Structure formats: structure tokens, C-alpha cells
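Chains as they are written, first to last, in the numbering used here: chain A, 50 to 619; chain B, 40 to 224.
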């Protein structure tokens, strides 16, 4: 039957299983919004299109499904750029739909015209310009397929106003995707498996590097099987946290720039790295010349372009991680690696975190206290923590122990400040039964805090924990270490966050003492609506350990001895 | 070293931009890029030469495959191939010099395609070094203008590139649960 392009758009989204979209209307997308009234899809009105993309991203990461963001042409579309780039770097499947000026006006610099397919070319997995109603159905189907298959990523569909308005025959079945060049399903050759078995069998000091691909592929159980069967310790990337239970005896914790010393030393001392769904990002490897120089490397990765990009590997198993591990596991032999594990234990004993959490309450509130207490209070629940970018993000990664997959959502690759609040909204919409906490710095929060209005308008119980140190903390830390404490442009004069939250209709609390942390968290959990807690923490606190950019992974700036001694005294 | 890729792409608007943008974005320097039709109207063929070592060349290939509109990539650097460039060279050739220039052109089996009182325009087809050679000997006479197409390349022998089925006919290898999707293998 005949339908408008706008009607076809929503119907195709429904058929793809979409229940929610995050968007902001405007001239060139108005025909689509007009047709929304006949759709079962719930539209979440955001306050800025960047928020819409982060919400779609959070939605996707919380569930593994595809998140949808909608915006108008021109500024609406360009506001999405940061969110699209964020999703691209972290392989998050989102579909962004933008209105475009009428097809006859394209190229004329019409009002609110931007070449958004041109702008987003390098930051989308693929994008489309749709100029006819009869292209809408196939394009939407292709976009969903491309976004979620293979290595997932963002896809943008730019639809001209006339394509939304004009009518055509709609036939879902006939609108099959035609992607003759797209090949998301690769699998390794048998001899490559044989080489992998050989390397694993001969290894005395192996370590698994567990990345985001485990979550994307749903291979948590297989990774656990591999680690347990072969007695291999597991180090995780930031985005891998939750892919392997934090409490598991073989879990080492996060690796890389702010990984604990024993994790990085384990990697440097290993004779075999088994990289699973990770891409040897520079924040993980440090100086490539000295990175795990005595180790053979097996790289299991779905994207062939990642093989040998940063780190040259001995065996590459290109394919879906879960499928590859299914093939690999049966012939992985049980080996006793007691000696290696004992060695790592000694590393831990030698360099174990002198936890700030064990320090006596000196009247100072440290971010680590807050994160650790928040973890203790929420650990048993179905909790999703969404973090922003900076010091609090690293403290969260160190002190919040993630047991479950998809219990941490954070912007890793792009490091997008302002990500947490909207992404937390997306996560909450996707998983209403989950307890969602946005942990944010006072800097990043102010980049997208207008989305507090979205929380209230949508009646969402999303809690906000501001780790407020009055600085752009991570930048301040770099200035402290590498720019002679020249704190240029990092001190922040902040608004009264508590009052601000109240103005939006969000309950709020100020916390200054460690003794107030747990009661505040408990109170927030009991409250039926959203709560903002402004944790006023130590201003010049530092994330340790730290591998300076470009330094070798084992060359860390360690915690200062005063803290270590205090902890030891205790 | 200079690598030569033959890249089959869908004949759709914007595909050239996607390919060119990939090289720019990954900081690979294109030496030459040509694009034209093939025997199939829905498929275009590019010949791309780029300076890259072995690992870089492999990553270029992998990255090209990540472009949804790219159908097939072949690195024919190490293969026996016919490689051709076409140039048109306008040479200053007054009455006295004309016969010398014509002689040189004929040595290189180039053709004269335009004559004016002050100049000759020569068309030459061949491998790049042959064209460079002609250019070298013509320079003393004064090259007024020159244009080269960039190279096109094809494997020698009867072996053709992996045959491409019509775009609509590639129904195999669809992912589980996505049986409706047509993909190539």
C-alpha cells in the first residue's frame, strides 16, 4: 500500500524492534515527527542533539541492541557529531536519522543545510543520503544490519524533506538489504587455530587481555572457560570491565595507563598475550617499542584492519570472538600454571594497591572513598554505572568492582566529556529495572547537564554522583606532573549543583565527609525519583599509578610513599 | 615501495569520496588513483597506487574492505600485470624543431594528435617509465602543457579477477538471523 516516506521510516523502525528513540525536532525532520503520532515508538525529547546520540549510545551499550537518535538538518545534525564519533571509537551500534533540506535545494546553501553525510564520513561505519521515499525502507534495513553486524558502529541516514513527504508503495519484504561488498562474517583458517593451540600449550606465562569485544560478542562464558581451563590470568581494558567477574581469582583488574602496577608488570613479564576483542590502544600499551617484548601474541578480533595495526602479532584469529572461542576451547589443554600465578601474587603483594579506602578517616573526602562506598552499597543490585571522562572515570574503574557484563558504560576511545548524563538516561530507558548511576566530574557534568530536564520530563530515576573537586581534575593532574603545576584554565568556579538540581525538580544532597557518603547513597536509593549528590572531594587528589604518555608500561608513577606508609602503619 | 591495488566498487554516488577519504584519514599517500567503468554497469574499477610497506599494504586492503561499497580488493604489486598510463604532451615545435620532435615521438611509438604552427601535441600510452622517458627527451624543446591519466592495471594471462556475480544475485553467506541480507563472500 502507498505510504509517505515518513510513515515508512517509523514502520521500518518498529519492524526492526525499536521501542524508543531520542530526538529533537526541527524544520527538515518535521514530516517525520508529524507521522510519529501513528507509531508505537516512544520519543524521548532531549535538550541537545549531542545528548540524543549519547543516549542512543548508552541505550545500545546497556542492552546490546541498536540505539536511535533523531535530529533535524544543519545544526541539529552537526550537534550529533561528537556522539557519533564517540560511538564509532567504542564500536557502539547506533542509527542516527537526520532531516535534510529538500532534494531540489541540496547544494544551494539553503537554510539549515549541511552536508552531514560528508561531515560524518570518517566517523560513521557507513552513511546514507536518501532523496526518494522508495529508498527509505531498504536504507533503514541496511543501516540496522550494518550497525549491529561485524564490528558494530554508528550509521547515519540523512533523509531529505521531500523524501519524507512523498508517497510510494511500501513493501517490507521487497526492500531487502543489498550489500554485495559487505562481509561481516569472517572466520579463521584451521591452521591458525593450530598455531594458537601450540602457543598456548607452550606458554609458561600467559595472560588474557580482555576487551570490549567480549561484551559485544557475548563471549563472557567462553572467556571464563578459557581462563579457567588453561589457568590464565585475565587483565581487562577499561571497556572490558564487567566482561570477566572482578571477584574471580584469575581477574587481575584493569591494565594500561591507570592500571594497577601488578597488572602492567604481568603483561610486561608475560611470554604470551591472548588479546580478546581489544585493539591495543595507546592507553593500554604505553610505549610500543617496549610493550610485552618477550611475549608471543595471539589476537582474536573481528576487524581485520586492527590486526598488526599497533602491535605485531604472531597469530591472528579474525572472526566473531564467541565463535572463535567455541572452536578454540575444545583443544585447549589444562595446564598447571601455579608458578606463574604465584609470581603474580608476589607482584600483587609487593605492589598491591595501598588503598586509600583503608586510610583512617582524616576528615578529607577522597573520590576513591565515594566510589568504593557507592560500590559496597550497590554491588548486590542490578546496577549500571555510567561514567564521564577524567579522574573520576579512572577511580571508578579502579574502585568499583564490576561483576556483571554491561554494568559499566563509559566513553573509552574518544574520551568524551559530557557523555555520562545522557548515556545514563539511555541506559535507564533501555533497562528500566536497573539502578542507574551517572558518576560525573564537575567539569564534564556541565557540558550536558541540561539533560537533567530530560530525566524529569521522562520521569526517570537516574542518580547523579558528582565527584566535585573544583578542577578539570585530569588535566590538572597532567599539569602537575608534566607542566610544572602550571594550573592554567583548570580551576572551576562552579554553580551550586544542589540548587541547580532542585531547580529542575531533582532532589539533591551535598556530601563533604566520608561518614555522610553511605547515608546519602542509601537515601538516594530509597527515594522514588532521581537524586543528585554533590560529593565535594579533595581538590588536588591524583590518580595513581600512572604511565605517562609514551612511557613504557612498566614505568609507572606510583602512589607517593606518604600514603603507602600511612596505609602500612594501619 | 609502490603498491598497486585494483579495487572494485559499487557504481554509486560518493564512493570515490569514501575511498579517497579513507586514504586521507589513515594518512596513506595516494600516488595515483584512476576510476572507470567495467564490463558491468553496477561496478566501477579503481586502480590505486600508494607508497606502503608490506604491513601497511595489508592494512590498506583491510580498511578498503571495511567500506561497505567496496566489492573486491586485489593487491597486484607482485603479480605479472599490464600497467598503462596515458599522457598528452604539448611541445613547442617550430618549423626547425618539428621533424626532430616527430622522430622522437615515433621512436616511442607515440602519436601526434594535434598540430599548430608553434606546437605539437603528442599522445603516448605505456608504462609510466616509458612516458617519463619520452618526457625527458622532449623537455629541451619546451613542454608547454602535459596531462597524465594515472595508471590502469590488469593481470596478465587468462585469469580474471574473482568474477563478480550481479549485485542482486549474491544471496549466500548471509548471517544467521539475517537470511534476507545479501552479502558476498
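Even glycine gets a Cβ: it sits at the ideal position worked out from N, Cα and C. From a predicted model like this one, the values you see are computed outputs, not experimental measurements.
Quick one: residues in its chain with C-beta nearer than 8 angstroms to the C-beta of residue i, no 5 flanking neighbours on either side, listed in chain order?
| i | result |
| --- | --- |
| residue 445(A) | 420, 434, 436, 457, 459, 488 |
| residue 69(B) | 59, 62, 87, 88, 89 |
| residue 115(B) | 43, 44, 45, 192, 194 |
| residue 441(A) | 416, 420, 488, 489, 490, 516, 522 |
| residue 119(B) | 194, 195, 196 |
| residue 274(A) | 374, 378 |
If the cut is a Cβ gap below 7 angstroms, which residues of chain A does residue i touch?
| i | result |
| --- | --- |
| residue 108(B) | 230 |
| residue 64(B) | 171 |
What does residue i touch in chain B if you count any residue whose Cβ is under 8 angstroms from its own?
| i | result |
| --- | --- |
| residue 170(A) | 56, 57, 60 |
In terms of alpha-carbon separation, which member of the options lies closest to residue i?
| i | options | result |
| --- | --- | --- |
| residue 255(A) | 567(A), 325(A), 182(A), 590(A) | 325(A) |
| residue 546(A) | 559(A), 540(A), 539(A) | 559(A) |
| residue 142(A) | 314(A), 477(A), 163(A), 173(A) | 173(A) |
| residue 277(A) | 295(A), 156(A), 262(A), 299(A) | 299(A) |
| residue 491(A) | 503(A), 479(A), 513(A), 472(A) | 513(A) |
| residue 66(B) | 84(B), 53(B), 98(B) | 98(B) |
| residue 165(A) | 248(A), 189(A), 121(A), 563(A) | 121(A) |
| residue 448(A) | 328(A), 359(A), 303(A) | 303(A) |
| residue 329(A) | 320(A), 480(A), 315(A), 357(A) | 357(A) |
| residue 343(A) | 367(A), 467(A), 316(A) | 316(A) |
| residue 378(A) | 389(A), 245(A), 312(A), 292(A) | 245(A) |
| residue 112(A) | 124(A), 213(A), 468(A), 479(A) | 479(A) |
| residue 394(A) | 99(A), 310(A), 376(A) | 310(A) |
| residue 281(A) | 524(A), 414(A), 551(A), 259(A) | 259(A) |
| residue 40(B) | 50(B), 153(B), 96(B), 113(B) | 96(B) |
| residue 72(A) | 91(A), 511(A), 115(A) | 91(A) |
Tell me which same chain residues have a C-beta within less than 7 angstroms of the C-beta of residue i, skipping the five on either side of it?
| i | result |
| --- | --- |
| residue 465(A) | 131, 135, 438 |
| residue 369(A) | 266, 351 |
| residue 567(A) | 422, 426 |
| residue 576(A) | 556 |
| residue 140(A) | 200, 201, 202, 261, 265 |
| residue 603(A) | 313, 314, 317 |
| residue 96(A) | 499, 500, 502, 503 |
| residue 590(A) | 415, 416, 518 |
So which residues on chain A does residue i lean against when the C-beta distance must stay under 8 angstroms?
| i | result |
| --- | --- |
| residue 102(B) | 354 |
| residue 49(B) | 229, 230 |
Give me the chain B residues within the contact set of residue i, using Cβ-Cβ distance strictly less than 9 angstroms, ordered along the chain.
| i | result |
| --- | --- |
| residue 357(A) | 94, 97, 98 |
| residue 195(A) | 107 |
Report the neighbours of residue i on chain B: residues whose CB is nearer than 7 angstroms to its CB, in chain order.
| i | result |
| --- | --- |
| residue 175(A) | 107 |
Suppose the cutoff is 6 angstroms on Cβ atoms and the five residues either side in sequence are ignored; what does the same chain contact list for residue i look like?
| i | result |
| --- | --- |
| residue 470(A) | 487, 497, 500 |
| residue 146(A) | 119, 206 |
| residue 306(A) | 332, 596 |
| residue 122(B) | 166, 190, 192 |
| residue 202(B) | Low local confidence applies: a pLDDT of 45 at residue 202(B) is under 50, so the model's placement there is unreliable, with the coordinate-based value given in what follows. Cβ within range, chain order: n/a, list empty. |
| residue 99(A) | 128, 131, 132 |
| residue 526(A) | 591 |
| residue 71(B) | 88, 189, 190 |
| residue 213(A) | 54, 55, 80, 81 |
| residue 186(A) | 57, 61, 224 |
Residue i and residue j look like a contact to me (Cβ under 8 angstroms); what is the Cβ gap, rounded to whole Å?
| i | j | result |
| --- | --- | --- |
| residue 228(A) | residue 269(A) | Their Cβ separation, rounded to whole angstroms, is 29 angstroms, which puts residue 228(A) and residue 269(A) out of contact at 8 angstroms. |
| residue 106(A) | residue 461(A) | The Cβ separation is near 12 angstroms, so there is no contact. |
| residue 108(B) | residue 199(A) | No, residue 108(B) and residue 199(A) are not in contact; Cβ-Cβ is about 15 angstroms, not under 8 angstroms. |
| residue 9(A) | residue 485(A) | What the structure shows of chain A is the stretch from 50 to 619, and residue 9(A) is not part of that stretch, so it cannot be assessed. |
| residue 182(A) | residue 291(A) | Not quite, the Cβ-Cβ distance comes to about 43 angstroms (not below 8 angstroms), so this is no contact. |
| residue 109(A) | residue 129(A) | The Cβ separation is near 15 angstroms, so there is no contact. |
| residue 194(A) | residue 226(A) | 5 angstroms |
| residue 131(B) | residue 157(B) | 6 angstroms |
| residue 126(A) | residue 163(A) | 6 angstroms |
| residue 150(A) | residue 84(A) | Not really, about 19 angstroms apart at Cβ, beyond 8 angstroms. |
Is there a Cβ of chain C sitting closer than 8 angstroms to that of residue i, yes or no?
| i | result |
| --- | --- |
| residue 482(A) | Included in the structure are the protein chains A and B, with no chain C among them. |
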